Structure formats: C-alpha cells, structure tokens
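A.B. asks: Sharing a structure here in structure tokens format.
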Amino acid sequence: MNFVKKSPWILHYDGSSCNGCDIEVLACLTPLYDVERFGIINTGNPKHADILLITGSVNEQNIPIVKQLYEQMPEPKVVVAVGICATSGGIFADCYNIVGGVDKVLPVDVYVPGCAARPESIIDGVVKALAVLEEKQKALSKKKSAVKK
Amino acid sequence: MSERTVIPFGPQHPVLPEPIHLDLVLEDETVVEAIPQIGYIHRGLEKLVEKKDFQQYTYVAERICGICSFMHGMGYCMSIESIMDVKIPDRADYLRTIWAELSRMHSHLLWLGLLADAFGFESLFMHSWRLRERVLDIFEETTGGRVIFSVCDIGGVRKDISSETLKKINESMDIIEKELTELTAVFFKDSSVKYRTKGVGVLSKQLAHDLGAVGPMAKASGLPFDMRTQGYAAYKYLKFEPIIDTDGDSYARTTVRIKEIFQSIDLIRQAISLIPEGEIKTKVVGNPNGEYFTRVEQPRGEVIYYAKANGTKFLDRVRVRTPTFANVPALLETLKGCSLADVPILILTIDPCISCTER
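From first to last, the protein sequence lines stand for chains A and B.
Numbering that gives the first Met the number 0 applies: residue 0 is where the first sequence begins, and numbers increase by one.
Numbering that gives the first Met the number 0 applies: residue 0 is where the second sequence begins, and numbers increase by one.
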C-alpha cells in the first residue's frame with residue numbers, strides 16, 4: 000500500500016486487558032510512532048469512528064458495552080483485536096470471569112498478536128484494517144446503488 | 000436547593016484508557032456525590048493460582064497491570080522467596096531496584112502526560128510521552144520487552160545487565176534529567192497548569208490518614224508513607240528520603256510525582272555506582288509451605304502481596320491489595336463539592352489503575 004486513501008478515526012476500548020496493550024495503543028499516537036501524521040486520530044466518540052480497537056478479552060460485565068459501542072459506529076466499520084487477550088483470552092483464558100476473545104461477541108476483522116502488542120504491529124494491524132474498510136465501503140456502495148435501481 | 004441531576008461518567012471515556020463507571024450526582028455544576036460502579040476488567044486472577052503452579056504464576060502476577068508490571072512480579076517473587084527462605088544474590092537485588100525505579104519513572108511520565116491531556120494541554124502530553132520513550136528504550140535494551148518484560152523470577156532475575164550497558168544507562172539518565180528539567184519547568188511555572196490544579200481537590204492530612212490513602216496521594220497531604228524505607232531489595236543500601244508536600248491539592252500531587260522522578264534518577268545512579276559483581280539467581284528447590292505478607296512501594300503507592308502455600312506446587316491463596324483500591328475512598332471524598340469540569344483531573348490525580356484494582 001503506497002498511500003492511505005482514508006484517514007481513519009479510531010475508537011479504543013479496554014475490554015479487560017492489563018493496560019499493557021492500552022498504553023501501547025496510546026504510544027502509537029505519541030511522537031515516536033506518531034500515526035497522527037497519517038490523519039489517524041483516537042476519538043472518544045463511537046459515532047465518529049471507523050475502526051474499533053479492542054484490547055483485552057470480554058467478560059460478562061463489558062459485553063453490553065462492547066456491543067453498544069460497535070452498534071453506535073456508522074457503517075462501514077472494522078474491528079481490530081489488539082493483543083493475545085483480545086484474540087483468545089491469552090494467559091487469562093482459564094479465569095472464571097473471562098468469556099474469551101472479542102470474536103465471541105463481535106465480528107473481528109484483524110487480529111494483532113503479542114503480549115503486549117508492539118506499536119509497530121498495532122500500526123500494521125490498522126493498515127490491514129484499512130484494506131478491509133475499503134472493501135466494505137465498496138460492498139456498501141454496491142448495495143446502495145442496487146437499492147436505487 | 001436546586002434540582003439534582005445524575006451524569007454518567009464512563010465506562011468508555013476519552014480521559015481514561017481504562018473503563019470505570021461513576022454516577023456523578025450534580026447540583027448545578029457541583030458534584031454532590033460520586034457513586035462508583037466497577038467490574039468491567041475483573042478477570043479473576045487470584046483464583047488462577049489454583050491452575051498455574053507457583054513458578055508459572057510469576058507471569059500472571061506481572062500481567063495484573065501493564066504499567067507497574069515489574070513491581071507486581073517483584074512483590075510476588077519476594078513473598079514466595081520469604082516463604083521458602085531463599086536469599087537472593089545482592090546483584091539481583093540491585094538489578095531489581097534499577098528496573099523498579101525505571102518503572103516508576105515511566106509510570107510517572109505516563110501519568111504527567113495523561114494529566115496534561117485531561118486539562119487539554121495536548122503538546123505537554125506529547126512531550127511527556129516522548130521523554131517516556133527514552134525509558135522504554137532502556138527496558139528494551141536490557142530485557143527485550145517494552146512494557147511487560149518477565150525478567151523477575153523466584154530466586155533472582157533472569158537477565159543480567161553488563162557493565163557497558165550500565166554505563167550507557169547512566170549516560171541516558173543525564174539526558175533524561177536534562178530533558179525532564181525542561182519539561183517539568185512547564186508544570187512548575189505555567190499559569191494554566193496551576194489554574195487547573197491549585198486548590199482543586201484538597202485532601203487534609205487527617206482525612207488522608209483516616210481514609211487510608213497511600214502513595215503520592217498520602218505524600219502530597221503530608222504523610223511520609225513510603226514502603227521503600229523498609230529496605231526491601233537494595234533500598235537498604237541507598238540514601239533517600241520520602242518526598243512530601245503539605246498542600247494536599249492536585250498541584251501538590253503533581254509536584255510530588257515530578258520530584259519522585261528526579262529521586263528515581265538519583266536512586267538509579269546510586270544503584271549503578273554500588274552494584275556488586277556476582278550471581279544473579281539462586282537455585283530454588285522444593286515447594287513453598289507457609290504464608291507471608293509483602294509490602295512494596297509502587298508508583299501509585301503501597302501494594303500488599305499475601306501468599307499462602309501448602310507444600311505443593313499450587314498455592315492456596317494469593318491476595319493483592321493494590322494502591323488504587325486504597326485511594327478510591329479518598330477520591331470519592333475529594334470529588335464531593337468539586338465542579339464537573341474538574342472531575343477528570345481529580346480522577347487522574349489518584350493515578351487510577353483499574354486493571355490492578357479489579358484484577
């Protein structure tokens with residue numbers, strides 16, 4: 000990918016992670032990695048967001064929150080599971096209060112490995128998510144034009 | 000009396016990277032009461048001790064929190080070592096101290112950035128985090144990890160730091176100190192920082208004591224509670240005094256933390272000049288049997304580790320009392336009577352680590 004066609008806005012939610020991945024997500028925004036030069040901004044409002052970054056696995060208490068955030072985001076939208084906990088539960092998979100990876104409740108498009116996921120791999124995951132976002136955009140406009148006809 | 004409104008704060012809020020929910024009861028713009036609702040990050044880590052053996056649990060303990068990860072691992076290892084009566088080598092003690100103080104620096108710098116972000120001082124946030132990357136570079140060079148490095152082990156540490164690297168750390172301490180002086184001058188001199196923090200959320204000495212506040216929260220109110228003075232790890236060989244302030248407001252808590260970063264730089268320098276040569280790990284044989292309490296000073300305050308072993312490789316119980324948990328009553332007290340716009344700052348001044356608290 001040579002250029003970024005869209006500057007995606009990111010919504011970050013901490014499922015039940017240990018903070019490790021969260022501070023790495025924030026580190027992506029700060030001067031060393033600085034994704035803001037591509038126009039990528041961490042927004043607090045789900046209605047402005049294109050990409051949902053979830054760190055940590057889901058539990059009974061936060062399932063409704065995660066679902067609500069996802070539903071509030073406008074189409075097209077992409078979900079990125081950051082870190083091994085968001086992927087499968089990781090080291091906490093055996094805990095009684097862990098339901099499992101984020102894919103148990105939401106359709107996840109990109110998985111980012113690591114404990115904690117490094118900023119480089121998070122950025123890589125977001126770039127992959129952009130490709131998915133573009134495909135979804137195409138599919139959506141196709142659907143719209145079909146409805147118009 | 001005006002009408003009361005309830006404003007929900009969280010669990011997804013731009014100020015906090017972590018989810019906590021507060022129901023703020025307001026009268027006009029003033030908060031009358033704050034009702035916390037927690038459990039969004041509860042995983043059930045303490046129960047995991049029945050499924051992972053006491054050696055494996057070191058990794059779990061480090062993942063209680065990603066910010067003070069090293070000190071959680073250290074606290075757990077110290078309690079198991081005390082149960083098993085293992086004397087760890089002096090060099091390991093010093094290495095632990097160096098990594099622990101580096102963790103404190105990275106945690107405080109992270110917090111300074113978040114505080115600046117909470118009152119909308121974006122460039123100060125960026126500068127704090129830029130400086131923090133220098134500390135993370137040292138972590139990466141010495142351990143291989145940036146935030147979670149699993150270097151602490153029962154009986155010592157897993158990796159040694161060569162004398163050349165120690166020299167390099169000393170040099171980067173000079174650079175960090177210089178940049179930190181520039182950065183913190185903004186906190187000490189800037190009028191907008193003072194305007195948002197001075198006199199906001201005052202916690203009196205008596206109240207801090209009664210509510211059991213710990214760490215910078217207690218120190219800013221004039222209570223010299225610092226567990227490092229007990230002399231665990233290599234702190235018994237180093238010279239330092241707990242940093243205290245008497246104002247008890249948000250500004251005092253900020254300055255206490257800033258001074259603690261400078262103190263950490265000093266402690267690392269002392270540790271590097273005193274570190275002895277030798278082994279870094281004692282061999283640990285057998286299983287633990289007994290129980291022990293460990294108290295460790297984390298960036299956020301005192302953390303208590305309780306471990307109970309029964310002679311098998313699985314422990315009976317591990318209990319962690321984290322500093323944020325101890326500071327929540329003090330937070331709820333300071334929230335009463337503050338204005339709605341100050342809520343994010345007040346929540347941040349206890350340096351909340353929800354992931355520690357809920358485990």
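Each residue gets a CB set at the ideal place from its N, CA and C atoms; glycine is no exception.
All values derive from a computational prediction rather than experimental measurement.
(1) From A:Ala85, A:Asn96, A:Pro75, A:Val146, pick the residue whose C-alpha is nearest to that of Pro7 (chain A); which is it?
(2) Cα-Cα, which of A:Asp93, A:Val77, A:Gly82 is closest to Glu134 (chain A)?
(3) Check this for me: beta carbons of Asn96 (chain A) and Pro18 (chain B), under 8 Å apart or not?
(4) Which residue marks the beginning of the beta strand (DSSP E) containing Thr54 (chain A), and which one marks its end?
(5) Tell me which same chain residues have a C-beta within less than 7 Å of the C-beta of Asn58 (chain A), skipping the five on either side of it?
(6) In angstroms with no decimal places, state the Cα-to-Cα distance between Tyr250 (chain B) and Asn44 (chain A).
(7) Excluding five sequence neighbours on each side, which residues of the same chain lie with their C-beta closer than 8 Å to the C-beta of Ala200 (chain B)?
(8) Looking at chain A, is there any beta carbon in it that lies within less than 8 Å of the beta carbon of Gly119 (chain B)?
(9) Are there 16 or more other CB atoms within 10 angstroms of the CB of Glu119 (chain A), so buried, or fewer, so exposed?
(10) Would a check of beta-carbon distances place Thr86 (chain A) closer than 8 Å to chain B?
(11) Extract the residue ranges of the alpha helix (DSSP H) inside the stretch 8-43 of chain A, only unbroken runs of 4 or more that lie entirely within it.
(12) Compile a chain-ordered list of the residues in the stretch 137-161 of chain B whose CB is closer than 9 Å to at least one CB of chain A.
(13) Give me the subset of the stretch 87-119 of chain A whose CB atoms are less than 7 Å from a CB atom of chain B, sorted by chain position.
(14) For Asp22 (chain B), which three-state DSSP category applies?
(15) Considering only C-alpha positions, which residue in the set B:Ile271, B:Cys64, B:Gly198 is nearest to Leu114 (chain A)?
(16) Going straight from the alpha carbon of Cys76 (chain B) to that of Phe37 (chain A), what length do you get?
(17) For Gly112 (chain B), collect the residues of the same chain with a Cβ closer than 6 Å to its Cβ; drop the 5 residues on either side in sequence, then sort them by chain order.
(18) Taking C-alpha atoms, which residue in B:Asp209, B:Ile267, B:Gly230, B:Leu101 lies nearest to Leu222 (chain B)?
(19) So, are the CB atoms of Val81 (chain A) and Ala128 (chain A) less than 8 Å apart?
(20) Give the range of the alpha helix (DSSP H) segment to which Val109 (chain A) is assigned.
(21) Let's test the definition: count the other Cβ atoms within 10 Å of the Cβ of Asn169 (chain B) and tell me whether it reaches 16, buried, or not, exposed.
(22) Looking at the ligand MN, does it come within less than 7 Å of Val131 (chain A), judged from the CB to the closest heavy atom?
(23) Name the chain A residues whose beta carbon is nearer than 7 Å to that of Trp110 (chain B)?
(24) Could you tell me whether the Cβ of Met125 (chain B) comes closer than 8 Å to any Cβ of chain A?
(25) CB-CB under 8 Å to Lys282 (chain B), same chain, minus the five flanking residues each way: which ones, in chain order?
(26) Please confirm if Tyr12 (chain A) has its CB atom under 8 Å from at least one CB of chain B.
(27) Is the stretch 223-237 of chain B touching the stretch 188-195 of chain B in the sense that three or more CB pairs, one from each, lie closer than 8 Å?
(28) Could you tell me whether the Cβ atoms of Arg145 (chain B) and Leu108 (chain B) are closer together than 8 Å?
(29) Can you give, in chain order, each stretch of the alpha helix (DSSP H) that sits fully within the stretch 60-102 of chain B and has at least 4 residues?
(30) Quick one: grab the DSSP three-state call for Glu178 (chain B).
(31) Hey, does Asp123 (chain A) have any beta-carbon neighbour from chain B nearer than 8 Å?
(32) Using a beta-carbon distance below 8 Å, is His107 (chain B) in contact with chain A?
(33) At a CB-CB cut-off below 8 Å, which residues of chain A make contact with Pro359 (chain B)?
(34) In the stretch 75-136 of chain A, which residue ranges form an unbroken beta strand (DSSP E) of at least 3 residues, counting only runs that do not cross its ends?
(35) Using the C-alpha atoms, what's the distance from His20 (chain B) back to Lys46 (chain A)?
(36) Could you give the first and the last residue of the continuous beta strand (DSSP E) run that contains Asn288 (chain B)?
C.D. replies: With the given structure in hand:
(1) By 1-based counting over the first sequence, the position of residue 7 (chain A) is 8. Here the closest residue by C-alpha is A:Pro75.
(2) In the first sequence, counting from the first residue as 1, residue 134 (chain A) sits at position 135. The residue with the shortest Cα to Cα distance from Glu134 (chain A) is A:Val77.
(3) Residue numbering aside, residue 96 (chain A) sits at position 97 when the first sequence is read from its first letter. Residue numbering aside, residue 18 (chain B) sits at position 19 when the second sequence is read from its first letter. Not in contact: Asn96 (chain A) and Pro18 (chain B) (Cβ atoms no closer than 8 Å).
(4) Translated into the one-based positions of the first sequence, residue 54 (chain A) becomes position 55. From DSSP, the beta strand (DSSP E) with Thr54 (chain A) extends over 50-54.
(5) Numbered from its first residue, the first sequence carries residue 58 (chain A) at position 59. Around Asn58 (chain A): Ser15, Asn96, Ile97, Val98.
(6) Start at 1 with the first residue of the second sequence, and residue 250 (chain B) comes out as number 251. Start at 1 with the first residue of the first sequence, and residue 44 (chain A) comes out as number 45. Looking at the two C-alpha atoms, the distance is approximately 30 Å.
(7) Locating residue 200 (chain B) in the second sequence gives position 201, where the first residue counts as 1. Going by the sequence as given, residue 200 (chain B) is Gly instead of Ala. Closer than 8 Å at the Cβ level, and outside the excluded window around Gly200 (chain B), lie Asp248, Ser249, Thr333, Leu334, Cys337, Asp341, Ile344, Leu345, Thr348.
(8) Start at 1 with the first residue of the second sequence, and residue 119 (chain B) comes out as number 120. So, not an interface residue.
(9) Stepping through the first sequence from its first residue, residue 119 (chain A) is reached at position 120. Exposed, since its Cβ has fewer than 16 Cβ neighbours within 10 Å.
(10) As a working note, residue 86 (chain A) is residue 87 in the first sequence. With 8 Å as the cut-off, Thr86 (chain A) does not count as an interface residue toward chain B.
(11) 19-28
(12) Gly144, Arg145, Val146, Ile147
(13) Ile90, Phe91, Asp93, Cys94, Tyr95, Asn96, Ile97, Cys114, Ala115, Arg117
(14) Within the second sequence, residue 22 (chain B) is the residue found at index 23, counting from 1. Looking at Asp22 (chain B) - three-state DSSP - the assignment turns out to be strand.
(15) On the first sequence, residue 114 (chain A) is found 115 positions in, with the first residue counted as 1. One point to set straight first is that residue 114 (chain A) is Cys, not Leu, in the sequence displayed. Comparing Cα-Cα distances from Cys114 (chain A) to each of B:Ile271, B:Cys64, B:Gly198, the minimum goes to B:Cys64.
(16) Start at 1 with the first residue of the second sequence, and residue 76 (chain B) comes out as number 77. Start at 1 with the first residue of the first sequence, and residue 37 (chain A) comes out as number 38. Approximately 43 Å, taken between the alpha carbons.
(17) Taking the first residue of the second sequence as 1, we reach residue 112 (chain B) at position 113. Result list for Gly112 (chain B): Phe124, Ser127, Trp128, in chain order.
(18) Position 223 of the second sequence, counted from the first residue, corresponds to residue 222 (chain B). Residue B:Asp209 is the option with its Cα nearest to Leu222 (chain B).
(19) As a first step, residue 81 (chain A) must be located in the first sequence, where it is residue number 82. As a first step, residue 128 (chain A) must be located in the first sequence, where it is residue number 129. Contact flag unset, no.
(20) Here the question's residue 109 (chain A) lines up with position 110 in the first sequence. It is not in any alpha helix (DSSP H) - Val109 (chain A) instead sits in the beta strand (DSSP E) that spans 109-111.
(21) Here residue 169 (chain B) corresponds to residue number 170 of the second sequence, with the count starting at 1. By the 10 Å Cβ count, Asn169 (chain B) comes out exposed.
(22) This structure does not include the ligand MN; it has no bound ligands of any sort.
(23) Position 111 of the second sequence, counting from 1, holds the residue named residue 110 (chain B). Residues of chain A passing the Cβ test: none, with the nearest at roughly 11 Å.
(24) On the second sequence, position 126 is the one that residue 125 (chain B) refers to. With 8 Å as the cut-off, Met125 (chain B) counts as an interface residue toward chain A.
(25) Here residue 282 (chain B) is taken as the residue at index 283 of the second sequence, counted from 1. So the qualifying residues of the chain are Gly154.
(26) One-based indexing of the first sequence puts residue 12 (chain A) at position 13. Yes, because at least one Cβ of chain B sits closer than 8 Å to the Cβ of Tyr12 (chain A).
(27) no
(28) Against the second sequence, residue 145 (chain B) aligns to sequence position 146. Against the second sequence, residue 108 (chain B) aligns to sequence position 109. Against a cut-off of 8 Å, the Cβ pair of Leu108 (chain B) and Arg145 (chain B) comes out as no contact.
(29) 68-83
(30) One-based indexing of the second sequence puts residue 178 (chain B) at position 179. Three-state DSSP puts Glu178 (chain B) in a helix.
(31) Counting from one through the first sequence, the residue named residue 123 (chain A) turns up at place 124. So no, Asp123 (chain A) is outside the interface.
(32) Indexing the second sequence from 1 puts residue 107 (chain B) at position 108. No, because no Cβ of chain A sits closer than 8 Å to the Cβ of His107 (chain B).
(33) Since the first residue of chain B shown is 0 and the last is 358, residue 359 (chain B) is not available in this structure.
(34) 77-81, 109-111
(35) Counted from its first residue, the first sequence places residue 46 (chain A) at position 47. Counted from its first residue, the second sequence places residue 20 (chain B) at position 21. Their Cα atoms are separated by approximately 20 Å.
(36) Walking along the second sequence from the start, residue 288 (chain B) turns up at place 289. It spans 288-297 - the beta strand (DSSP E) in which Asn288 (chain B) sits, taken as one unbroken run.
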